[in-house]
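Start counting the sequence shown at -2; every next residue gets the next number (the working numbering). For glycine and all other residues, C-beta sits at the position ideal for the given N, C-alpha and C.
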Amino acid sequence: MNYFLPKNYEIKSPSSDKEWESYFETRWKVLRAPWNKIKGSERDEMEENTFHLMIIDGNFDAVACGRLQMNTPEVAQVRYMAVLDQEQGKHLGSILMHGLEVKATTNGASKIFLQAREVAVPFYLNCGYSILEKTFLLYDEIQHYSMEKLLLKEQ
Ligand SMILES: CC(C)(COP(=O)(O)OP(=O)(O)OC[C@H]1O[C@@H](n2cnc3c(N)ncnc32)[C@H](O)[C@@H]1OP(=O)(O)O)[C@@H](O)C(=O)NCCC(=O)NCCS
-2 MNYFLPKNYE IKSPSSDKEW ESYFETRWKV LRAPWNKIKG SERDEMEENT FHLMIIDGNF
58 DAVACGRLQM NTPEVAQVRY MAVLDQEQGK HLGSILMHGL EVKATTNGAS KIFLQAREVA
118 VPFYLNCGYS ILEKTFLLYD EIQHYSMEKL LLKEQ
């Protein structure tokens, strides 16, 4: 992974209340608001037991976020990958994925599984994931594809 963060940007796990607020706001803005879903719909019951990463800009606002959960000791899953519209295409998503993959490897996972929105499939292919199958429709319109990537022991 040869991508670098823009100047003044930082990758970190949210820790303060302000960071958590900004983290979920960005998840909601990208993945829920365009479908008129209410605030809170961007969260699930696993938030406290999962690993979160975000990229903050020079104003300490989250511009990108993503979550990793362990489905089994060997299989991790990436969920809720979101980069603000105006920040897309700057490799922030790739940098986040790399961070989540390093964490999965550290946790002992040998594989990452995910459910990709159709528009994001080329992004995940670019990150080294393979398509498994066409899966579900979210909100009656967003087609998903299951994808996976085998992790190397050293990254
Ligand atoms: C999908 C998403 C996370 C990718 O993050 P990003 O920061 O925009 O992606 P990157 O800049 O790291 O892209 C990495 C590579 O994938 C390619 N890529 C990214 N999104 C793409 C798309 N929709 N179509 C085609 N190629 C794409 C980029 O061109 C880039 O290739 P390059 O290295 O040759 O320049 C982000 O665009 C996003 O949040 N989209 C909206 C929400 C969404 O669909 N989330 C995923 C839910 S499963």
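| Item | Value |
| --- | --- |
| With burial defined as no fewer than 16 other Cβ atoms inside 10 Å of the residue's Cβ, what is the status of Ala61: buried or exposed? | buried |
| What's the call for Gly86, buried or exposed, on a 16-neighbour Cβ count within 10 Å? | exposed |
| From this set, His88, Trp25 and Ala106, which residue's C-alpha is nearest Ile8's C-alpha? | His88 |
| Tell me whether Leu97 counts as near ligand 1, meaning its Cβ is closer than 8 Å to at least one heavy atom of that ligand. | no |
| When you measure from the CB of Pro3 to every non-hydrogen atom of ligand 1, does any distance come out below 8 Å? | no |
| What residues in its chain sit with their C-beta under 8 Å from that of Lys108, if we drop five residues either side in the sequence? | Glu71, Val72, Ala73, Glu145, Lys146, Leu147 and Leu148 |
| From the DSSP output, in three-state form, read off Ile35 for me. | coil |
| Is there contact between the stretch 62 to 69 and the stretch 37 to 53, where contact requires at least three CB pairs shorter than 8 Å? | yes |
| On the three-state DSSP scale, how would you describe Gly105? | coil |
| Is any heavy atom of ligand 1 found at a distance shorter than 8 Å from the C-beta of Ala61? | yes |
| Which residue marks the beginning of the alpha helix (DSSP H) containing Thr23, and which one marks its end? | Asp14 to Leu28 |
| With respect to the beta strand (DSSP E) encompassing Leu65, which residues constitute its N-terminal and C-terminal limits? | Ala59 to Met67 |
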